[in-house]
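These notes are about the structure you will find just below.
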Amino acid sequence: MKSLRTAMTLTGGIALLAATGIDTISVIGRHVGMPFRGSIELVQVAVLVAGTLALLVATVDRSHAKVHLLVDRMSEPARAMLDRVSALLGALFFAALLAGAAWLMADLWSGHEESEVVGVPWRWMRLFANVVFLAIVLALLGQAIRRRKP
């Protein structure tokens, strides 16, 4: 599992560096009169990969932002219950995102939708996002069911 987490972190990091590099080259190109056509589409792909993998890693590691003002003052059983409720609410949120995104993907799948300049096939990007959303939902449901290790 640790090697999978490392692979996701590296893939997301490389995608984020790619987005930064593409956008930097695009800005320089615009200033010297040689625009990089399609750079926005490529940045969108890189940010999709980086962002969704970051969400998945943060979910699996239980490292999303938390407000400790009240939680730290609760008893251990109350804190454990709140952790489970939080995981269930997170699963519900991502399940709603997945439902909407899957609906869009199913509706547009046979449309062979592509980006205008570079020709990025958006259906594969939607599929990637949906697979990651499903993994997040499953991870959160697992966290809600299992006891947290101290």
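Taking my numbering, I'd label the letters of the sequence shown as residues 229 to 378. C-beta: ideal position from N, C-alpha, C; glycine also.
Beta carbon of Ala372 nearer than 8 Å to that of Ala319: yes
Buried/exposed call for Arg354, threshold 16 Cβ in 10 Å: buried
Inter-residue Cα distance where the pair is Arg374 and Thr280: 24 Å
Residue environment, Leu310, which counts as buried when at least 16 other CB atoms sit within 10 Å: Exposed: under 16 other Cβ atoms inside 10 Å.
C-alpha gap between Ala330 and Val359, whole angstroms: 10 Å
Cα-Cα separation between Trp288 and Leu326, rounded to whole angstroms: Before going further, note that residue 288 is Val rather than Trp in the sequence given. The alpha-carbon atoms of Val288 and Leu326 are separated by roughly 17 Å.
Short Cβ contact (8 Å threshold) for Glu341 with Trp352: Their beta carbons are not under 8 Å apart, which means Glu341 does not touch Trp352 by this criterion.
Per-residue DSSP class, three states only, for Glu344: coil
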